[in-house]
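Each residue of the sequence shown is one higher than the one before, starting from 296 at the first, in this note's numbering.
Glycine is no exception: its CB is placed at the ideal position from the N, C-alpha and C atoms.
What follows is one structure encoded as structure tokens, with my remarks underneath.
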Amino acid sequence: MIEMRCDGPVLCFGGPYSNLQSLQALLAEAGRRGIPPGRMLCTGDVVAYCADAAATLDLMMASGIATVMGNCEESLAAGGADCGCGFAAGTACDRLSQDWFAHASRQVTPRHRDWMAALPRRIEVRIGGRRLMALHGGATVINRFLFASAPEAVLAAEIAATGAEGVIAGHCGMPFTRLAGARPGGGRGLWHNAGAIGMPADDGTPRGWFSVLTPEPEGLRIEHLALDYDHAAAARAMRRAGLGDAYRAALSSGLWPSADVLPPAERARRGRPLAASHVLWPRAGHGAGGACTGLP
296 MIEMRCDGPV LCFGGPYSNL QSLQALLAEA GRRGIPPGRM LCTGDVVAYC ADAAATLDLM
356 MASGIATVMG NCEESLAAGG ADCGCGFAAG TACDRLSQDW FAHASRQVTP RHRDWMAALP
416 RRIEVRIGGR RLMALHGGAT VINRFLFASA PEAVLAAEIA ATGAEGVIAG HCGMPFTRLA
476 GARPGGGRGL WHNAGAIGMP ADDGTPRGWF SVLTPEPEGL RIEHLALDYD HAAAARAMRR
536 AGLGDAYRAA LSSGLWPSAD VLPPAERARR GRPLAASHVL WPRAGHGAGG ACTGLP
């Protein structure tokens with residue numbers, strides 16, 4: 296298992312989704328913050344909905360950013376027939392995925408597939424005296440959708456299955472942080488999703504989302520931050536590539552083409568702009584802490 300040991304802020308993100316413009320913007324933002332690639336973590340799905348699968352893979356590979364295998368990498372590396380996203384058969388998401396996955400499959404090279412096949416399914420992150428496990432969807436199912444509204448017992452069980460104090464996850468495409476379950480040494484477990492940079496968070500804005508985890512004396516400070524980038528250029532690239540309208544429109548509207556995968560609570564919040572937010576995951580004995588969903 297790959298291990299990251301970090302004594303400074305760590306920038307986490309998920310879902311570049313073949314959106315080259317968003318990844319370029321994120322790397323520029325990391326540079327402005329003085330965070331090197333060695334303290335950046337991607338929770339997978341480098342390739343998905345947008346136009347530039349090959350170029351996005353090339354940039355990720357050149358950056359050296361620690362990256363967890365997502366279901367898209369798993370499927371593309373194996374020459375799979377679909378994205379392995381976990382969409383129910385016949386739903387809008389399932390039908391739309393056939394277009395973008397075929398496009399991505401045509402772009403990726405054997406070198407890209409080898410890189411994706413070698414990605415770890417988990418990365419252990421040690422920061423601020425805490426041990427976290429980075430993964431893609433769930434602890435045992437790579438494409439499990441876990442949203443902010445998930446029952447605490449479900450998140451606590453997923454955390455426990457990793458053997459770590461907390462989890463850094465991706466896949467669902469929405470930023471949130473929850474404290475869940477009690478830890479044997481005191482305090483609570485952490486479930487953190489940085490969101491995705493390559494597609495909006497279904498909040499009616501074109502922004503992507505990332506997070507910065509900073510060790511502090513009282514605990515781990517977790518900031519949910521929005522990423523502005525040239526979404527119009529990303530949409531033009533999709534048009535040139537001949538991709539369908541649904542996800543191209545989502546880049547500008549900030550609304551997903553379908554709510555198929557969303558639980559009722561997330562459906563009810565569609566189109567509401569998310570706000571940048573933060574939470575402190577306290578050390579044992581430093582207070583109860585709180586929960587942060589990145590919602591207004």
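For my contact list, residue i and residue j are in at a C-beta cut-off of 8 Å; report their separation, rounded to the angstrom.
i    : j    : result
R426 : M296 : So it is not a contact: roughly 12 Å between Cβ atoms.
M299 : A361 : 6 Å
A532 : A346 : 4 Å
W504 : L522 : 6 Å
G310 : G493 : 5 Å
N276 : T338 : The structure shown does not extend to residue 276, since the chain is modelled only from 296 through 591, so no value can be given for it.
Between which two residues does the alpha helix (DSSP H) holding residue i run?
i    : result
T457 : 447–457
L306 : Premise fails: L306 lies in the beta strand (DSSP E), 305–308, not in any alpha helix (DSSP H).
For a test of the three-state rule: what should DSSP assign to residue i, helix, strand or coil?
i    : result
P591 : With a pLDDT of 32 at P591, under the threshold of 50, the modelled position of this residue cannot be trusted; read the value that follows with caution. It is coil, neither helix nor strand.
R406 : helix
F382 : coil
M356 : helix
G493 : coil
G329 : coil
M335 : strand
H398 : helix
A429 : strand
A372 : helix
A586 : Unreliable placement is indicated for A586, whose pLDDT of 44 sits below 50; no coordinate value is reported for it.
A412 : helix
T626 : There is no way to answer for residue 626, as the model of the chain reaches only from 296 to 591.
A387 : helix
A323 : helix
Hey, could you find the ends of the beta strand (DSSP E) residue i is sitting in?
i    : result
E419 : 418–422
L485 : 483–488
M299 : 297–301
G476 : 471–477
A464 : 461–464
Going by Cα to Cα distance, which pick from the options is closest to residue i?
i    : options                : result
P405 : A349, R565, G309, P559 : A349
D555 : L575, A448, L391       : L391
R516 : L352, G423, A373       : G423
A412 : D498, A399, V363       : V363
D389 : S553, L575, G566, G310 : S553
R401 : A536, R473, Q319       : A536
M428 : G503, G465, W395, F440 : G465
G326 : Q316, G339, D340, L306 : L306
R421 : G476, L508, G381, M469 : L508
M335 : T351, Y312, G359, Y344 : G359
H431 : S547, A323, T457       : T457
L495 : A560, S548, Q393       : Reading off the sequence, residue 495 comes out as Pro, not Leu. Ranking the options by Cα distance to P495, first place goes to S548.
C467 : L474, N488, W576       : N488
W576 : M356, G482, R543, P501 : G482
D353 : H407, S572, W486, G374 : H407
Y542 : V342, W395, A383, S317 : W395
P479 : D497, P415, A451, C367 : A451
A545 : A530, L557, P559, P558 : A530
A445 : V342, A399, A475       : A475
Would you say the beta carbon of residue i comes nearer than 8 Å to a heavy atom of the ligand ADP?
i    : result
D377 : Within the structure as shown, the ligand ADP is missing, as the structure has no ligands at all.
* For the segment 505–583, list the alpha helix (DSSP H) runs that are entirely contained and at least 4 residues long, ordered along the chain. => 526–535, 540–548, 559–563
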